[in-house]
Amino acid sequence: MLKIEELHASIDNKEILRGVNLDLKAGEVHAIMGPNGSGKSTLASVLIGREGYEISGSATYEGQDLLALSPEERAAAGVFLAFQHPVEIPGVGNMYFMRTALNSLRRQRGEEELDAVDFLTLAQERMKLVEMDQTFMSRAVNEGFSGGEKKRNEILQMAILEPKLAILDETDSGLDIDALRVVANGVNALRSEGRTMLVITHHQRLLDYIVPDFVHVMAAGQIVRSGDKDLAHELEANGYEGLTPRSAKVGATV
Amino acid sequence: MTAPTTTPGISDEVRELANQEYQYGFVTDLETEVAPRGLNEDIIRLISAKKNEPEWLLEWRLKAYRHWTTLTAPTWQHVSYGPVDYQDIIYYADPRPKKQVSSMDEVDPELRAMFDKLGISLGEQERLSGVAVDAIVDSVSVATTFTEKLAEVGVIFCSFSEAVQKYPDLVRRYLGSVVPHNDNFFACLNSAVFTDGSFCYIPKGVQCPMELSTYFRINAADTGQFERTLIIAEEGSYVSYLEGCTAPARDKNQLHAAVVELVALDDAQIKYSTVQNWYPGDADGNGGIYNFVTKRGMASGRNSKISWTQVETGSAITWKYPGVILKGDNSVGEFYSVALTARRQQADTGSKMVHIGKNTTSTIISKAISAGHGQNTYRGLVDMRHSAAGARNFTQCDSLLIGKDSGAHTLPYINVKNQTGQVEHEASTSKIGEEQLLYCRQRGIPEEEAVSMIVNGFCREVFRMLPMEFAVEAQKLLTVSLEGSVG
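Chains as they are written, first to last, in the working numbering: chain A, 45 to 298; chain B, 1164 to 1650.
Quick look at the structure:
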């Protein structure tokens, strides 16, 4: 599904990713953990095509060069990011936004667009997954949403847009335990054979709810350890101390 | 008070914004009867004679002209442009064939084709939308529809010239009552040389059964446009008036100095909506319309209400402050505005609310969008006089910047002479963030569509004040104006 090889990324001459290697197969859930500033979010940004990075190395997604595509082309190819800080878009209705997004994807894929009624039916069904009601849809995108509502709104979009590769960037940050449960239930319901997930988190807590197939530890821009879900518990017990990248010093800052 | 702002660039493509071709840049060849260039008392006498005007009106024009010769053009506005040679302007051009037009079928086919090109088929409008259209090409009305239907309820909707002939008493009573002949440089010039415009009278207690609409179009080369519009809403009446404008591309700057006067008597309501899409000039700032307009309403009656809603995407330079004089007790004034400046467009616009009556309220919502090298200045006056006990104003000015070369400025003037007055002012400046764009694009929405979506969202508060068909048109216009701003 996605093969990342020796991926380097710098911004303002500061190297943040220093040779990341990852191999994600269809249907797998991978977690990336690591201290603040280790490059986790930068990896997500680079994968979705945020501008401003100097990049080398490769990311091959379903046989094509992911890094050569524009953000919207990546989206059409099935790449989705649940943002850590979803931005507000005043005056643009949530329902309208999601329908425009879905239809843009369908158009790029040569599929027929959904009309308002069909979309509403789809949205209402998916809203149950994240326990959202109709009032969310008539509000402006993320405007005045609480932290938990924003995260649920991200997962709702994931449920509607049905990506093949879903990247969840710190989806647990700022959530209380109830909201975390709702979000995790939504994510778990969306796990499927054809869908790969990359779950980026700072805390082990999320992984109690979304149990990964693989856990990777990132430090100073590299994957320094990989293992199964038990690695997360080990980290919880021992912290990130002592995890050293192959090269360079620990403690790169972003 | 002033807060000039620029933003760091989003991407290189953003600079493309100013380069979008003007969609309506074509010229229609109509038989035009023109006056010699320049302005003097003889020209004014010629205009007045051509229009077969009564003596009092000629005198009013001459009075305005004589006053105008003592004035100099204002320089305080935050725009810059070369000097205008007022002696190099043609003050009268008549595009009408010699034959008088009595029905739509007789309208010049070329003219009708031109309207079709603009997407404003008169016939279609007539049939489908129930909107009465008073089409103004250059300075003379060529087609008026629905007049009969309006006449049934006593509504008068005709060209200004026709009103002068048929309803001289009404014209004489109200002309200059809101914008006097000596009001300001451009209004004064208009008073001297105005050639036509619209006249609208809603009798006591009548709710005008349809939206009244005028499409303006500047056509003959080097012709200054000096429309004069007068709308009177008698006691307890209501009217919604739509004004839409497009103009063909020209190399030379064209001056447009219109005057609009609105009068609302007791319990009357006037809603005046404008969509303005004049030629903005090319990417280097050549050509384009100078839009120096005086628009003012007099809410003279108790509980009267005047609302201005405008969406402005055109003109090289815009200089206008639609305002309301809130004279009647409990009267209400509103101003909702979207102003977009791209390429090298400059706008200095806002509103003036003058509170005189007791418990008068006013609302100003201004949305300014600057892209390319566009400069947008909000300038507003809230003036509460001694007599205006319990007056209230709410002002909100939001600016949206696209790209790093655009600018937004806010210049509010607040003058309160009554201790019971309440004034609220909110202002914000934001830019279309990389973050918003990336968010949309990550969801699969192409960049250009995303910009349009974000801008339309920003303007939503104003768009929802527009009549339905106009709101759709305004959104389309904004989208077209932003084409090429990215990617």
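Using N, Cα and C, we set each Cβ at its ideal position, and we do this for glycine too.
Item, Value
"B:T1583 versus B:A1552: straight-line alpha-carbon distance, rounded", "6 Å"
"Under 7 Å between C-beta atoms of B:N1454 and B:N1493", "no"
"C-beta atoms of B:V1456 and B:K1483 nearer than 7 Å", "yes"
"Interface partners of B:M1616 on chain A, CB under 8 Å", "I133, V136, F141, T144"
"B:S1324 - DSSP class collapsed to helix/strand/coil", "helix"
"Below-7 Å beta-carbon distance, B:R1623 vs any chain A residue", "yes"
"Which of helix, strand or coil DSSP assigns to B:V1318", "coil"
"7 Å Cβ shell around A:L279 - same chain, five flanking residues per side excluded", "M77, Q248, V261"
"N- and C-terminal bounds of the beta strand (DSSP E) containing B:V1423", "1422-1427"
"Cutoff 7 Å: B:G1520 Cβ touching any chain A Cβ", "no"
"Chain B contacts made by the stretch 148-182 of chain A, where a contact means CB separation under 8 Å", "S148, L149, Q152"
"Inter-stretch contact at 8 Å, needing at least 3 Cβ pairs: the stretch 251-266 of chain A / the stretch 62-75 of chain A", "yes"
"Buried versus exposed, by CB contacts within 10 Å (16 or more), B:Q1250", "exposed"
"Any C-beta of chain A under 7 Å from that of B:Y1602", "yes"
"Nearest residue (CA-CA) to B:L1202, options B:A1355, B:V1327, B:N1345, B:Q1240", "B:A1355"
"Cβ-based contacts, 8 Å cut-off: residues of the stretch 190-215 of chain A near chain B", "Q201, L205"
"Beta-carbon proximity of B:L1645 to B:N1440, cut-off 7 Å", "no"
"Neighbouring residues, chain A, relative to B:I1662 (Cβ below 7 Å)", "Look at the range of chain B in this structure, 1164 to 1650, and you will see that residue 1662 of chain B is not part of it."
"Contacting residues, own chain, Cβ-Cβ under 7 Å from B:F1349 (five flanking each side not counted)", "A1420, F1455, T1457"
"Partners in chain B for A:A103, counting only beta-carbon separations shorter than 9 Å", "The premise fails here: A:A103 is roughly 16 Å from chain B at the closest Cβ pair, so nothing lies under 9 Å."
"Beta-bridge partners of B:W1231, as assigned by DSSP", "Per DSSP, none; premise fails for B:W1231."
"Where A:M77 falls: helix, strand or coil (DSSP)", "strand"
"Residues within the stretch 1570-1599 of chain B neighbouring chain A, beta-carbon criterion of under 8 Å", "G1596, E1597, E1598, Q1599"
"The stretch 1598-1618 of chain B touching the stretch 1570-1578 of chain B, judged by at least three CB pairs closer than 8 Å", "no"
"Test item: CB-CB of B:F1498 and B:S1514 under 7 Å", "yes"
"Selection from B:L1338, B:Q1370, B:D1447 that minimises the alpha carbon distance to B:V1422", "B:L1338"
"Reference A:P134, options A:L209, A:F189, A:L212, closest by Cα", "A:F189"
"Near-chain B residues of the stretch 84-97 of chain A (beta-carbon distance less than 7 Å), N- to C-terminal order", "I92, R94, E95"
"Under the three-state DSSP convention, the category B:I1617 falls into", "helix"
"7 Å Cβ cutoff met for B:I1480 and B:Q1509", "yes"
"Euclidean distance between Cα positions of B:L1291 and A:M241", "The pLDDT assigned to B:L1291 is 34, lower than 50, so where the model puts this residue is not dependable, and the model offers no usable value."
"Sequence ranges, alpha helix (DSSP H) only - wholly within the stretch 131-202 of chain A, length at least 4", "138-152, 160-171, 178-182"
"Close-in-space but distant-in-sequence residues of the same chain around B:V1318 (CB under 6 Å, 5 per side omitted)", "I1365, C1371"
"Beta-bridge pairing of B:R1542 - partner residues as DSSP gives them", "B:L1574"
"B:K1515 - DSSP class collapsed to helix/strand/coil", "strand"
"Cutoff 6 Å; reference B:A1236; Cβ partners in own chain excluding five residues on either side", "F1348"
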